[in-house]
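Everything below concerns the one structure shown next.
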Amino acid sequence: MGDFSYKDIYIEDGRRVLEVNILPEKHCNFDCIFCPIGRSQNKVDTQKSFNKIDSSLTELGSMIENTKAELIFINSSGEALVNDKIDDVISLIKDKGLSVRLLSNGYLLGRDEYIKIANKCDEVIGEIKVITEEDFQKVQRPIEGYTIEEYISNMVSFNKQYKGKFIFEITIIRGYNDDEESIEKIKNIIKEISPNKIIITRMEDERFKKKLGITDERFEEISNILLNI
Ligand code: SF4
1 MGDFSYKDIY IEDGRRVLEV NILPEKHCNF DCIFCPIGRS QNKVDTQKSF
51 NKIDSSLTEL GSMIENTKAE LIFINSSGEA LVNDKIDDVI SLIKDKGLSV
101 RLLSNGYLLG RDEYIKIANK CDEVIGEIKV ITEEDFQKVQ RPIEGYTIEE
151 YISNMVSFNK QYKGKFIFEI TIIRGYNDDE ESIEKIKNII KEISPNKIII
201 TRMEDERFKK KLGITDERFE EISNILLNI
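Numbers 1 to 229, taken from the UniProt record's numbering, label the letters of the sequence shown in order.
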């Protein structure tokens, strides 16, 4: 048994999607207060080795064969780029002629070593959850020295050179980015990044929904604005 974990296969736009988590436990460069996985005991932005990588890769190969997956979605417990074998994971998938989608929070997409890896993926998802420096530090609690300005510019510069499909996921959070001024700022960020696809989401986790969730009406209103620029 390897260290990777999987979700049940599902169909998306006619393709069989297999989601794989390549981190045995949470490793992230942020420590968001609303993280569904819990606290970041391992706040990290450099790569590290994990045990059982050979058996994990073998198991991934079998999972792909058995499920007849067509798109492999690397959706991990934190920032998948910090697994030092992520390149091998992507190569294994690409060697089978299949597509890879990588979820990253987007901050590391400004660093050369990670740009090279992300460029091998057919689709990359980058995210944004708050838009002021103060909120970024307060609720996403990144590694020291990170700034929201650099966060956004990392995704902008990444997508300028990226040939694949860049998906930008925006989470609307009550009290943080659901007012008119924030929506205007988000519009400008979208224009700067120029993603191929935008996903608007909100706090759905029951633990945070009451405090940070927005109403269906407001969600629809904001989605209409942001998806139609
Ligand atoms: S970026 Fe995602 S995985 Fe990392 S701490 Fe925040 S919510 Fe959790």
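Backbone N, C-alpha and C fix where the C-beta goes; we use that ideal spot for every residue, glycine too.
| Item | Value |
| --- | --- |
| Inter-stretch contact at 8 Å, needing at least 3 Cβ pairs: the region 34-51 / the region 151-159 | no |
| Option nearest leucine 103 by Cα separation, candidates Thr67, Phe34, Lys94 and Asn75 | Asn75 |
| Per DSSP, the bridge partner or partners of phenylalanine 168 | Gly126 and Ile198 |
| Those residues which DSSP pairs with glutamate 12 across a bridge | Arg15 |
| Proximity test, isoleucine 37 beta-carbon vs the ligand SF4 heavy atom, cut-off 7 Å | yes |
| Among Lys191, Ile37, Gly97 and Val20, the one whose alpha carbon lies nearest that of aspartate 8 | Val20 |
| Where glycine 78 falls: helix, strand or coil (DSSP) | strand |
| Any non-hydrogen atom of the ligand SF4 closer than 7 Å to glycine 78 Cβ | yes |
| DSSP beta-bridge partners of phenylalanine 73 | Glu19 and Arg101 |
| 6 Å Cβ shell around phenylalanine 136 - same chain, five flanking residues per side excluded | Val130 and Ile148 |
| Distance cut-off 7 Å: serine 40 Cβ against heavy atoms of the ligand SF4 | yes |
| Lysine 160 in three-state terms, based on DSSP | helix |
| Rounded straight-line distance, which links the Cα of leucine 98 to that of arginine 15 | 11 Å |
| Residue from Phe30, Phe4, Asp31 and Ile11 with nearest C-alpha to leucine 23 | Phe4 |
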